Structure formats: structure tokens, C-alpha cells
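All residue numbers for the sequence shown refer to the numbering used here, where the first residue is 1 and numbers rise by one. Every residue, glycine too, gets a C-beta built ideally from N, C-alpha and C. This structure is a prediction, so every number in the text was calculated from the model and none was measured. Below is one structure; the comments refer to it alone.
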Amino acid sequence: MADYAPRLKEILRSHGCRFDRHGKGDHDIWFSAISGRHFAVDGKIKSRHTANAVLKQAGIEKHF
Numbered sequence: 001m002a003d004y005a006p007r008l009k010e011i012l013r014s015h016g017c018r019f020d021r022h023g024k025g026d027h028d029i030w031f032s033a034i035s036g037r038h039f040a041v042d043g044k045i046k047s048r049h050t051a052n053a054v055l056k057q058a059g060i061e062k063h064f
């Protein structure tokens, strides 16, 4: 299975999102200036549906 986390983080950075802090386990907390929300990003994302859900929380259109 593919790991979507590296590509997801590239997309988040290119849309102006920024890493905020480390969360529990291998999760990171990011902030989106587009949506004005904080959201969690798992260190290993195996599902394109999960990756698209993170993009939705960030206010970015689906990419996967």
C-alpha cells in the first residue's frame, strides 16, 4: 500500500498550511490559513480517502 503522508504534506505546504506542533503518537497538528482550523495529520496514511479528508479539513480540493 502507498504512504500518502509525504505527498499530502507537500500539498499542504504548497497551499500555505504550516506545521504547528507534535500531537499524540505519530500525529502532527497543522494549521490552515484557508480554513482557519487546526487539524491532525497522521505520520503514515495508507488510504486515499483519509488523505482527502485531511485536505477537506484544510479547505483544499481533493488531490488523491
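_Under the three-state DSSP convention, the category S14 falls into_ = Sequence index remark: in the sequence shown, residue 14 carries index 14 (1-based). The answer is helix: DSSP assigns S14 an H, G or I state.
*Just mark I34 as buried or exposed, buried being the case when its beta carbon has 16 or more other beta carbons within 10 Å.*
The residue labelled residue 34 in the question sits at position 34 within the sequence shown. With fewer than 16 Cβ atoms within 10 Å of its Cβ, I34 is classed as exposed.
*Closer than 6 Å by C-beta to D26: which residues in its own chain qualify, once you throw out the five before and the five after it? Chain order, please.*
In the sequence shown, counting from the first residue as 1, residue 26 sits at position 26. These residues qualify, in order along the chain: G43.
_Taking 8 Å as the threshold (C-beta atoms), are I11 and I60 in contact?_
By 1-based counting over the sequence shown, the position of residue 60 is 60. By 1-based counting over the sequence shown, the position of residue 11 is 11. Yes, Cβ-Cβ distance for I60 and I11 is below 8 Å.
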